[in-house]
Amino acid sequence: MAQVDPALAEWALDEARRAGASAAEVLCVSAESLAAGVRMGEVEKLKSSRERRIGVRVFAGRATATASTAELERDGLRDFIAHTVAMARLAAADPAAGLPDPALHPKRLPELDLADGERGIVGADEALELARTAERAALGADPRIRNSEGAEFDSGRYEIFFANSNGFAGGYDGTSYSLGAAPIARDESGAMQQGYWYTASRHFKNLEDAAAVGATAAKRALRRLGARKIKTTRAPVILDPDMAASILRALAGAASGPSLYKGASFLLNRLGERIAAPGVTIFDDGTLNGALGSKPFDGDGLPTTRKPLVKAGVLATYLLDTYSARKLNLAPTGNAARAVGDAPTVSPTNLYLEPGAISPEEIIRSVKRGLYVTELIGFGVNAVTGDYSRGAGGLWIEDGELAYPVQEITIAGNLREMFNAIEMIGDDLRWRAAVVAPTIKIAEMTIAGE
Amino acid sequence: MAMANDLAQPEKFFLNRFGMNESALELILGSALERKADYADLYFEYRGAEGLGLEESMVNHTSKSVAHGVGVRVCAEDRTGYAYSDEVTVDRMRLAAQAARAIADRRSGAPPPVAVGSPVARHQLYELASTPLEVPLEERARLLHQIDEMARAADPRIHNVMASFAAERKIVMVVTSDGRIATDVQPLCRLNVSVIADDGKSRQAGAFGGGGRVEWSYFFEGDRWKEYVRQAVHQALVNLEAIEAPAGEMVVVLGNGWPGILLHEAIGHGLEGDFNRKGVSAFSGRIGQRVASGLCTVVDDGTLANRRGSLNVDDEGTPTSRTVLIENGVLRGYLQDRMNARLMKMEPTGNGRRESFAHAPMPRMTNTFMLPGESTPEEIIKSVKHGLYAVSFGGGQVDITNGKFVFSASEAYLIEDGEVTRPVKGATLIGNGPDVLTRVSMVGADLALDSGVGTCGKDGQSVPVGVGLPTIRIDGLTVGGTRA
Chain C
851 MAQVDPALAE WALDEARRAG ASAAEVLCVS AESLAAGVRM GEVEKLKSSR
901 ERRIGVRVFA GRATATASTA ELERDGLRDF IAHTVAMARL AAADPAAGLP
951 DPALHPKRLP ELDLADGERG IVGADEALEL ARTAERAALG ADPRIRNSEG
1001 AEFDSGRYEI FFANSNGFAG GYDGTSYSLG AAPIARDESG AMQQGYWYTA
1051 SRHFKNLEDA AAVGATAAKR ALRRLGARKI KTTRAPVILD PDMAASILRA
1101 LAGAASGPSL YKGASFLLNR LGERIAAPGV TIFDDGTLNG ALGSKPFDGD
1151 GLPTTRKPLV KAGVLATYLL DTYSARKLNL APTGNAARAV GDAPTVSPTN
1201 LYLEPGAISP EEIIRSVKRG LYVTELIGFG VNAVTGDYSR GAGGLWIEDG
1251 ELAYPVQEIT IAGNLREMFN AIEMIGDDLR WRAAVVAPTI KIAEMTIAGE
Chain S
8 MAMANDLAQP EKFFLNRFGM NESALELILG SALERKADYA DLYFEYRGAE
58 GLGLEESMVN HTSKSVAHGV GVRVCAEDRT GYAYSDEVTV DRMRLAAQAA
108 RAIADRRSGA PPPVAVGSPV ARHQLYELAS TPLEVPLEER ARLLHQIDEM
158 ARAADPRIHN VMASFAAERK IVMVVTSDGR IATDVQPLCR LNVSVIADDG
208 KSRQAGAFGG GGRVEWSYFF EGDRWKEYVR QAVHQALVNL EAIEAPAGEM
258 VVVLGNGWPG ILLHEAIGHG LEGDFNRKGV SAFSGRIGQR VASGLCTVVD
308 DGTLANRRGS LNVDDEGTPT SRTVLIENGV LRGYLQDRMN ARLMKMEPTG
358 NGRRESFAHA PMPRMTNTFM LPGESTPEEI IKSVKHGLYA VSFGGGQVDI
408 TNGKFVFSAS EAYLIEDGEV TRPVKGATLI GNGPDVLTRV SMVGADLALD
458 SGVGTCGKDG QSVPVGVGLP TIRIDGLTVG GTRA
């Protein structure tokens, strides 16, 4: 693994000051990965990568510029930093710009178990075998599964070092592993449906069994066969865990500082108010041990935190970085996200809807006529108004039973109403991603079809 | 940034900058082919980009980046080995070649000799005297301020204005084991305007933008930037008045230009060679079949001057071309990169594209549009008793296997008794790719291409694309509104 060099970061901070910056930050990222894909039992691709980048953000008083480069030679980097400082001088002085209050930087960093020390990058042969096992299980599940978009196993390692002229410096490393399979089922009419399933973790041993991933993907493809369009109606809508997570992401976007100070959010001026059904509690927790969205400090070098975003239906906090917190006269919440070379933005860390006590099967049984949604496509979510309209696929429920698959329909409503209409929350929360939710039931939405 | 005089011969730029020479390139390609592979290539990229953004009447975001690297690809039958590094040194490239060739079986004899060829002739679609990167930052910032002033002055309900300008220059070189070397210098820029309108009761956003492989002066021709501002303001104000959108199947009229995103989602992705070679597209095996009404001819054309989706050569060094996808309603062709063309025994179409050196190429669209028909837009609207007229869209998406696609309207109106009446809220439109165009009953003479804002995502890779459409009437499409 290419080591991130703290000495280079410190040198870059000094260079920024020498070039006239009043304050500066340096972010160094080094990453490597291997992706191994198989299709129809044969090797389809192997992809290996190695990247090192350095990003700087410099301040000339309250004016700022950000930059990133893959040039790590000090001679070239010196000119690059000087040019970035010159760019900052051309930017407008922004009263909210600047490094965080130095007192807020963590004194000690928590140990969050973000890296799998035993495994590192999984070698090509083993990675291919895992992908093959998943795909074989999918292809063997049913004679109607005769084609595949393949299966892929990825593993990656990264190292991050961040320092600023407040005197904060810190680093951490992490690993990630994922395995996904995408078999295709075909019925007598020739109509095809893809099923996709994946498992992901920071620790190799926590991955779901490869054959189980393939079998689940196959099941998901098969149950879509014969999907039909239905008549336009209003009915209860159940979102499966992945689809429920997608509306959590939309909510987090509207609760993010930049959307709020731009006036581009339906959650503007709603802090402390009820925005969801009383049973809804959503946590953002960047401190969870070993979780995919955890990190010891955020993109501003501030501690990540655990807090409810929504507590018993009430909007309890916004998600803020230092800049948007200053714009809104609030305190930062440890949600600064950072890509090398970009100014900080805001993102949730680990965001999850607290599970309920009821099984997904019972939720389905509670619906006389309604829609169980397993696929959503498109971008029809308006964060400014909360208006929501997306393409959907899933299963139609008749008398509490999954009756037949449906497709080429949309579900529409408004996020405000949808969160207020969450009637049931399942007990099936699984940590497969940084944003997760159990199955939920929304009392009623418009379903457009024929 | 690279000096302009280096760029007359981009191959020299890479050889000088990274201390490469022909024998080093041959050595690395030879190493890539050490096993039983059909083909190998090296993709060198150097990209410089700058951006600035205005919020709350301040140009308070400035950024720049320099990225460079090399990707080594080895193809053996339908297998691809790919390795990349942002350290462009002979040692790193040899390691990458070793990693990439692992997909190929061992061979018995010695690998064939590799010789670096002479440069491939490329189109000259964007030979700019200068790129916006050479325009002083202050001048770029001044335009953002003018946009802010104009939008705020346009209407008292305009509450906030965001404007941004991004420009890049990508220098690329592809060196292949079959003796081709292709180079290109690819400028690209984009100006965006977005506004928030607030009438005390509700808030709405409006956005517009454009650009391409163009010079800075492009934005001032015919006061083009002012049109961007007018469009963004118009959209936000119209949406303040919008009523609930209808739900269900109805006649839909799409305006010209950007609504061509319909073709990109409903048709284009499903005709990409990789999906069809694998037989996983709803269009697989349907060449020669009728998939649209006879009024529809759809092409993908990477050779349009200065367009965002155009390229002199694709990212495998093949000159781009114009590919007829649907001719008078009949499916004619696929979009191909070299590997899929070889495996399907077809010709490459110059559609092998990648986001950057960190990605292997795959078949992608360039500029995808429908050729004009004979109706006037007025006739088309007048023909509709009850329907939806959609003129602007956000993004779209498609499930290529079952053919279902969506695209989301951001500005739309009801048509009642042949007249465009009230604006309706944004709604997603959903349809089935292989049959949506069979329902096209009128095609306008008013073909327009979009203003230069499209970015297409596939398998985690984003590339700039263009779309275009004349006004068309579709006799039935499901509109995903809330009013059932």
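Chain order of the listed sequences is C and S. Numbers in my numbering are just positions in the first sequence, counted from 1, shifted up by 850. Numbers in my numbering are just positions in the second sequence, counted from 1, shifted up by 7. Ideal Cβ positions, reconstructed from N, Cα and C, are used throughout, including at glycine.
Per-residue DSSP class, three states only, for residue i
{"i": "V77 of chain S", "result": "strand"}
{"i": "A11 of chain S", "result": "Low per-residue confidence applies at A11 of chain S: pLDDT is 45, beneath 50, and the placement is therefore not dependable, though the value from the model is reported in the following sentence. Of the three classes helix, strand and coil, the one that applies to A11 of chain S here is helix, per DSSP."}
{"i": "H955 of chain C", "result": "coil"}
{"i": "H393 of chain S", "result": "strand"}
{"i": "E57 of chain S", "result": "strand"}
{"i": "P471 of chain S", "result": "strand"}
{"i": "G262 of chain S", "result": "coil"}
{"i": "I1213 of chain C", "result": "helix"}
{"i": "D1134 of chain C", "result": "strand"}
{"i": "G487 of chain S", "result": "strand"}
{"i": "L1265 of chain C", "result": "helix"}
{"i": "M851 of chain C", "result": "Low confidence applies here, because M851 of chain C scores a pLDDT of 44, under 50, leaving its location unreliable; read the following figure in that light. Note: M851 of chain C maps to coil in three-state DSSP."}
{"i": "R101 of chain S", "result": "helix"}
{"i": "V876 of chain C", "result": "strand"}
{"i": "L22 of chain S", "result": "helix"}
{"i": "P17 of chain S", "result": "helix"}
{"i": "E423 of chain S", "result": "strand"}
{"i": "S493 of chain S", "result": "Because residue 493 of chain S is not part of the residues shown, which for chain S are 8 to 491, the question remains open."}
{"i": "D308 of chain S", "result": "strand"}
Beta-ladder partner(s) of residue i, from DSSP
{"i": "Q193 of chain S", "result": "S:K177"}
{"i": "S1109 of chain C", "result": "Bridge partners of S1109 of chain C: none, in fact."}
{"i": "G1241 of chain C", "result": "C:I1227, C:T1260"}
{"i": "A1050 of chain C", "result": "C:S1028"}
{"i": "Y91 of chain S", "result": "C:S899, S:G78"}
{"i": "S399 of chain S", "result": "S:E418"}
Short Cβ contact (8 angstroms threshold) for residue i with residue j
{"i": "L395 of chain S", "j": "V245 of chain S", "result": "no"}
{"i": "A885 of chain C", "j": "A109 of chain S", "result": "no"}
{"i": "H271 of chain S", "j": "V472 of chain S", "result": "yes"}
{"i": "A273 of chain S", "j": "T408 of chain S", "result": "no"}
{"i": "T462 of chain S", "j": "S469 of chain S", "result": "yes"}
{"i": "D48 of chain S", "j": "R86 of chain S", "result": "no"}
{"i": "L1226 of chain C", "j": "M1093 of chain C", "result": "yes"}
Beta-carbon neighbours of residue i, restricted to chain S and to distances below 9 angstroms
{"i": "T1066 of chain C", "result": "By Cβ distance, chain S contributes nothing, its closest Cβ being about 17 angstroms from T1066 of chain C, past 9 angstroms."}
{"i": "D855 of chain C", "result": "Under the 9 angstroms cutoff, chain S gives no residues; its nearest Cβ is about 14 angstroms from D855 of chain C."}
Contact set between residue i and chain C, taken where Cβ atoms lie within less than 9 angstroms
{"i": "A104 of chain S", "result": "Ordered by position in chain C, no residue passes the 9 angstroms Cβ test against A104 of chain S, which lies about 11 angstroms from the chain."}
{"i": "Y46 of chain S", "result": "Those do not exist, as Y46 of chain S stays about 14 angstroms from chain C at its closest Cβ, beyond 9 angstroms."}
{"i": "M346 of chain S", "result": "Neighbours of M346 of chain S on chain C: none; closest Cβ ~11 angstroms, over 9 angstroms."}
{"i": "R360 of chain S", "result": "The contacting residues do not exist; R360 of chain S stays about 17 angstroms from chain C at best."}
Amino acids of chain S, ordered along the chain, whose beta-carbon sits closer than 8 angstroms to that of residue i
{"i": "K1112 of chain C", "result": "E62, N167, M169, I203"}
Neighbour list for residue i in chain C, Cβ cutoff strictly below 8 angstroms
{"i": "E33 of chain S", "result": "Neighbours of E33 of chain S on chain C: none; closest Cβ ~22 angstroms, over 8 angstroms."}
{"i": "V413 of chain S", "result": "I1227, G1228, G1230, R1240, G1241, T1260"}
Under 7 angstroms from the C-beta of residue i: neighbouring residues of chain C
{"i": "L144 of chain S", "result": "M937, L940"}
{"i": "V486 of chain S", "result": "A1298"}
Partner residues on chain S for residue i, Cβ-Cβ distance less than 7 angstroms
{"i": "D1237 of chain C", "result": "K432, G433"}
{"i": "A974 of chain C", "result": "A109"}
CB contact check: residue i to chain D, cutoff 8 angstroms
{"i": "A1283 of chain C", "result": "This model lacks chain D altogether, as its protein chains are C and S."}
Discussion item. Quick check: the segment 862-871 of chain C against the segment 996-1010 of chain C, are at least 3 beta-carbon pairs closer than 8 angstroms?
Written reply: no
Practice prompt. Please confirm if the segment 437-447 of chain S is in contact with the segment 1249-1269 of chain C, defined as three or more CB-CB distances below 8 angstroms between the two stretches.
Written response: In this structure the segment 437-447 of chain S touches the segment 1249-1269 of chain C; the number of beta carbon pairs closer than 8 angstroms is three or more.
Practice prompt. Would you be able to state if there are at least three C-beta pairs under 8 angstroms between the segment 1100-1116 of chain C and the segment 1138-1151 of chain C?
Written response: no
Discussion item. Does the contact criterion of 3 or more C-beta pairs under 8 angstroms hold for the segment 85-103 of chain S versus the segment 1205-1218 of chain C?
Written reply: no
Fill in: Given 8 angstroms, three or more beta-carbon pairs between the segment 137-150 of chain S and the segment 168-184 of chain S
The segment 137-150 of chain S is in contact with the segment 168-184 of chain S.
Worksheet item: Does the segment 122-132 of chain S come close enough to the segment 47-64 of chain S that 3 or more CB-CB pairs lie under 8 angstroms?
Response: no
Fill in: Any 3 or more C-beta pairs closer than 8 angstroms across the segment 979-997 of chain C and the segment 1162-1179 of chain C
No, the segment 979-997 of chain C is not in contact with the segment 1162-1179 of chain C.
Worksheet item: Does the pairing of the segment 230-248 of chain S with the segment 382-392 of chain S give three or more beta-carbon distances under 8 angstroms?
Response: no
Worksheet item: Is the segment 1043-1052 of chain C touching the segment 214-226 of chain S, taking contact as three or more C-beta pairs under 8 angstroms?
Response: no
Worksheet item: Do the segment 1271-1279 of chain C and the segment 1238-1258 of chain C meet, that is, are 3 or more Cβ pairs less than 8 angstroms apart?
Response: no
Worksheet item: Okay, do the segment 174-186 of chain S and the segment 206-217 of chain S touch, 3+ Cβ pairs below 8 angstroms being the bar?
Response: no
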